[in-house]
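Engineer: Note that the sequence shown covers residues 600 to 706 in the numbering used here.
Idealized CB from N, CA, C, for every residue including glycine.
For reference, the structure I am asking about is given below.
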Amino acid sequence: MAKPVLEELIEALRCLPGVGPKSAQRMAYHLIQREQRGATRLARALDAAVAVIQHCQRCNTLSEELICSRCANDQRDGRLLCVVEMPADVAIIEQTQSYQGLYYVLM
């Protein structure tokens, strides 16, 4: 017998880092009771992201293309390579606008 839909949603939300059973339950109830449009938007965005996002063939970051826009950018300094753990680390460094080299993401 299939699990009730609400129970399945709560379990699915628990896959997020730092989200335990109570937080997942609060999120699920909030989305269903007060934020149905947001829930629909979230579901569509997740579905699209899972279908489209892949790893860049050069730097291993997340990208919608085989080669990400940073690796494809001829203006980046190919003599510099910054090795980072996660794509979020790239985003943080890029916000400083002080590094113009390339990256490699370990994952």
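1. Using the beta-carbon count (16 or more within 10 Å), is Arg640 buried or exposed?
2. From the DSSP output, read off the bridge partner residues of Cys681.
3. Return the first residue and the last residue of the alpha helix (DSSP H) that Cys658 is part of.
4. Comparing C-alpha positions only, which one of Gln694, Gln624 and Ala638 sits nearest to Leu630?
5. Just tell me which of Ala648, Ala644 and Gly700 has its CA closest to the CA of Ala671.
6. If you draw a straight line from the alpha carbon of Ala650 to that of Gly677, how long is it in whole angstroms?
7. Who are the Cβ neighbours of Tyr698 in its own chain at under 8 Å, not counting the five residues just before and after it?
Structural biologist: On the basis of the coordinates in this document:
1. Walking along the sequence shown from the start, residue 640 turns up at place 41. Around the beta carbon of Arg640, a 10 Å sphere encloses fewer than 16 other beta carbons of the protein chains shown; the residue is thus reported as exposed.
2. Here residue 681 refers to the residue found at position 82 when the sequence shown is read from its first residue. Bridge partners of Cys681: Tyr702.
3. Translated into the one-based positions of the sequence shown, residue 658 becomes position 59. Looking at the DSSP string, Cys658 is not in any alpha helix (DSSP H), and its letter there is neither H nor E.
4. Here residue 630 refers to the residue found at position 31 of the sequence shown. Checked all of Gln694, Gln624 and Ala638; the closest Cα to Leu630 is Ala638.
5. Translated into the one-based positions of the sequence shown, residue 671 becomes position 72. Considering only Ala648, Ala644 and Gly700, the residue with the shortest C-alpha distance to Ala671 is Gly700.
6. Stepping through the sequence shown from its first residue, residue 650 is reached at position 51. Stepping through the sequence shown from its first residue, residue 677 is reached at position 78. Straight-line Cα distance between these residues: approximately 30 Å.
7. Locating residue 698 in the sequence shown gives position 99, where the first residue counts as 1. Around Tyr698: Leu679, Cys681 and Ile692.
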